[in-house]
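Trainee: Okay, so the sequence shown: first residue is 96 according to our numbering, each after it adds one. Even glycine gets a Cβ: it sits at the ideal position worked out from N, Cα and C. Predicted, not measured: the structure shown is a model, and the values here were computed from it.
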Amino acid sequence: MAKEQTLILIKPDGLVKSLTGNILTRLSEAKLVIVGAKVVRPSRELAEKHYEHLKDKPFFNDLIDYIMGKHHNTHRVVAFVYQGENAIQKIRDIVGDTNPEKANPVTIRGAYGRITTTGVFENVVHASQTPEDAEKEIKLWFKPDELVEDIYPTKEIEVEKVKMLVWA
Ligand code: UDP
Ligand code: MG
Numbered sequence: 096m097a098k099e100q101t102l103i104l105i106k107p108d109g110l111v112k113s114l115t116g117n118i119l120t121r122l123s124e125a126k127l128v129i130v131g132a133k134v135v136r137p138s139r140e141l142a143e144k145h146y147e148h149l150k151d152k153p154f155f156n157d158l159i160d161y162i163m164g165k166h167h168n169t170h171r172v173v174a175f176v177y178q179g180e181n182a183i184q185k186i187r188d189i190v191g192d193t194n195p196e197k198a199n200p201v202t203i204r205g206a207y208g209r210i211t212t213t214g215v216f217e218n219v220v221h222a223s224q225t226p227e228d229a230e231k232e233i234k235l236w237f238k239p240d241e242l243v244e245d246i247y248p249t250k251e252i253e254v255e256k257v258k259m260l261v262w263a
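Right under this line is the structure:
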């Protein structure tokens, strides 16, 4: 089996419930390597691209609010890229079923997830489902130089007049 990478997000409910350490301890059982990590304030655009495949679902707007932290009075998500053999399946097994009530109670979602009264699955973490999803998601959440491995092909471009924030 070839090396794979997968995107993990600790969603806002995972953060406000102080589960970061616990989640990382559980994920470490997969014996994979972290090649990228950061705290992100997701824009609406990022959130909508990430969940593009669900845009026709009745819960889509609620889901976007959830991942943007609007249900938890925060605007933080912590993002990781894990790499290793069979990474996607290994992580999904530890994360558990999408529906926290169907998830095995020993999984992260089974232990800590819940379904809100509006029907959104607050399931604490995101984990990529396929290599194609992983590539799309990693490229959305990370820039090439934020990863310590060269995972996907890159190119150098020259940019002029770019506005960016620097320390004042
Ligand atoms: N979701 C939901 N209700 C559903 C299906 C999905 O609230 O019936 C939410 C849930 O938070 C889930 C996310 O939408 O994690 C993305 O859905 P997907 O089917 O990709 O599940 P996942 O890959 O996260 O297990
Ligand atoms: Mg998914």
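Give me the residue from I105, K98, T101 and Q100 with the minimum Cα distance to V220.
Mentor: Measuring from the Cα of V220, the nearest candidate turns out to be I105.
Trainee: Relative to ligand 1, is the shortest distance from any of its heavy atoms to the C-beta of F155 smaller than 6 Å?
Mentor: No, since every heavy atom of ligand 1 falls outside the 6 Å radius drawn around the Cβ of F155.
Trainee: Would you check if there are 3 or more beta carbon pairs closer than 8 Å linking the segment 197-212 to the segment 148-155?
Mentor: Result no; under three Cβ-Cβ pairs closer than 8 Å.
Trainee: Am I right that A222 and T101 are in contact with their C-beta atoms under 8 Å? What's the rounded C-beta distance?
Mentor: That belief holds up - the Cβ atoms of A222 and T101 are roughly 6 Å apart, short of 8 Å.
Trainee: If you reduce the DSSP assignment to three classes, tell me which class V190 lands in.
Mentor: Helix, per DSSP.
Trainee: Are P195 and F216 close, meaning C-beta to C-beta below 7 Å?
Mentor: Yes, the Cβ-Cβ distance between P195 and F216 is below 7 Å.
Trainee: Tell me which residues share the same chain as L158 and place their Cβ nearer than 7 Å to its Cβ, disregarding the 5 neighbours each side in the sequence.
Mentor: The answer, listed in chain order, is Y146, L149 and V215.
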